[in-house]
Amino acid sequence: MDKVKIINGENLPNIPWQDKPENYNLPVWRYTENPIIGRNPIEGIARIFNSSVVTYGGRFVGVFRAESINGVPFLYLGYSDDAIHWEFEKDRINFVDEEGKPFMPAYMYDPRLLKIEDTFYMIWCQDGYGATLGIAKTTDFKKFVRIENPFLPFNRNGVLFPRKINGKYMLLSRPSDSGHTPFGDIFLSESYDMEYWGHHRHVMGISYNNWWEGTKIGAGAVPIETSEGWLLIYHGVANTCNGFVYSIGGAILDINEPSKVLHRCSTYLLTPEEWYEERGFVPNVAFPCATLQDAETGKMAIYYGCADSYVGLAFTQVDDLVKYIIDHDNAGPAELEIGRR
Ligand code: BMA
3 MDKVKIINGE
13 NLPNIPWQDK
23 PENYNLPVWR
33 YTENPIIGRN
43 PIEGIARIFN
53 SSVVTYGGRF
63 VGVFRAESIN
73 GVPFLYLGYS
83 DDAIHWEFEK
93 DRINFVDEEG
103 KPFMPAYMYD
113 PRLLKIEDTF
123 YMIWCQDGYG
133 ATLGIAKTTD
143 FKKFVRIENP
153 FLPFNRNGVL
163 FPRKINGKYM
173 LLSRPSDSGH
183 TPFGDIFLSE
193 SYDMEYWGHH
203 RHVMGISYNN
213 WWEGTKIGAG
223 AVPIETSEGW
233 LLIYHGVANT
243 CNGFVYSIGG
253 AILDINEPSK
263 VLHRCSTYLL
273 TPEEWYEERG
283 FVPNVAFPCA
293 TLQDAETGKM
303 AIYYGCADSY
313 VGLAFTQVDD
323 LVKYIIDHDN
333 AGPAELEIGR
343 R
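Taking the working numbering, the leading residue of the sequence shown gets 3, the next gets one more, and so forth.
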């Protein structure tokens, strides 16, 4: 196989990349100074976790899930020069509707942030008479305009693709329930205008072979366009007598028909093992929401929420990661289906 290339990627030499530790046998390894965001990071905020970052104006900007000291989550902006040390804004992001009037959800969590053409979009989970997805756009990180919620309740884990495919925006999501959802597959929906979503397709279901993802799965980071297909970092959940365990997984989706899963890795890429992943508000959670990648070297950083309490960073190399996923592929005929019944 030729060297796997990142398509349309940026160069990010400013991140203090770390090499893989010796004798480490998974393709994703942790940053040695994890967690990068600890408890009580700013006044009035108890915990920052499941969060998303992009490059903007020569720096990094992030949208952070911040749990207030009354337990309610909202989104906060942060800025960084190295993608590791973050300065947060004091106040939560305030949203307006398309007429410019204040339009705040009752709560907001698990944001994913990305740029499509000249606009930044963020998508999160919120109340829409039941948990569902919300979307907003910005061009300057000052004014955030909400657009129509894409789906009815109950839905979570919305992740947009970074470009239109066949002329349409593409959105991954995970239909769910009103509680902690003991099931869940990843679906794909399409839209010409970011408002009306349809052509729903099944992408991936839970795995009966891989027990780490035997209960539910959900898209994690914005898919990365590579020469082998869309690289999707997602979460997979196992159920145990002591509750759910969230691990990080990887799959490769077809470049033109991303509801087809070309390769699905049978092993997790990272599972809770460190104190900050195993111990916290919700133990045993590694919940990826974003990646940054250096197209020239193929170095990648994965941002993941740890135990609903901290932000962790893990590194990988796109070529090794894609090869690992292909070498450990156990995608079956169901994965390759277009996902329409
Ligand atoms: C999911 C989401 C995530 C959270 C995870 C573990 O359902 O709510 O925000 O990290 O549960 O608690």
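Every residue gets a Cβ at the ideal spot worked out from N, C-alpha and C, and that includes glycine.
The structure displayed is predicted, hence computed values, not measured ones.
Within the same chain, ILE340 come within 7 Å of GLU259 by CB-CB distance, once the 5 residues on both sides are set aside. Distance between ALA253 and THR134, taken at the CA atoms: about 25 Å.
Around the beta carbon of CYS243, fewer than 16 other beta carbons sit within 10 angstroms, so the residue counts as exposed. Here the C-alpha atom of ILE95 lies approximately 7 Å from the C-alpha atom of LEU79.
Distances between the C-beta of GLY307 and the heavy atoms of the ligand BMA include at least one below 7 Å.
If you draw a 10 Å sphere on the C-beta of ALA223, you find 16 or more other C-beta atoms in it, and that means buried. Distance from the C-beta of PHE90 to the nearest heavy atom of the ligand BMA is not below 7 Å.
Judged by beta-carbon spacing, ASP93 lies beyond the 8 Å limit of ARG61, meaning their Cβ atoms are not closer than that value. DSSP lists SER193 as the beta-bridge partner residues of TYR171.
Around ILE71, the same chain offers GLY46, ILE47, ALA48 as residues with beta carbons nearer than 8 Å, after the five sequence neighbours per side are excluded. With a threshold of 7 Å, the Cβ atom of ASP112 counts as near the ligand BMA, since some heavy atom of the ligand is closer than that.
Collapsing the DSSP output to three states places LEU28 in coil.
Just so you know, the alpha carbons of CYS308 and PRO37 end up roughly 8 Å apart.
Taking C-beta atoms as the reference points, LEU174 and PRO152 fail to come closer than 8 Å. Between GLY220 and ASN159, the C-beta gap is smaller than 8 Å, which places the two residues in contact. Proximity of the segment 115-122 to the segment 159-169 meets the contact definition, three or more beta-carbon pairs being nearer than 8 Å. Along the length of the segment 250-284, whole beta strand (DSSP E) runs at least 3 residues long occupy 263-266, reported in chain order. Among the bridge pairs identified by DSSP, GLU12 is matched with ASP296.
In its chain, beyond the 5 residues on either side, ILE95, ASN96, PHE97, VAL98, MET124, ALA138, LYS139, THR140 have a beta carbon closer than 8 Å to the beta carbon of PHE146.
In this structure, DSSP gives PRO113 an extended state, which the three-state scheme calls strand.
Cβ contact annotation for LYS5 (same chain, cutoff 6 Å, sequence separation greater than five): ASP321, in chain order. Distances from the CB of ASP129 to the heavy atoms of the ligand BMA are all 7 Å or more. A distance criterion of 7 Å places the beta-carbon of TYR248 in contact range of the ligand BMA, judged by its closest non-hydrogen atom.
Look at VAL284: its beta carbon is less than 7 Å from one of the heavy atoms in the ligand BMA.
A heavy atom of the ligand BMA is found nearer than 7 Å to the CB of ASN52. A distance criterion of 7 Å places the beta-carbon of HIS265 beyond contact range of the ligand BMA, judged by its closest non-hydrogen atom. Under the three-state reduction of DSSP output, ALA316 falls in the strand class. For LEU338, no beta strand (DSSP E) encloses it; the enclosing alpha helix (DSSP H) starts and ends at 335-338. Relative to the ligand BMA, PHE153 has its C-beta separated by 7 Å or more from all heavy atoms.
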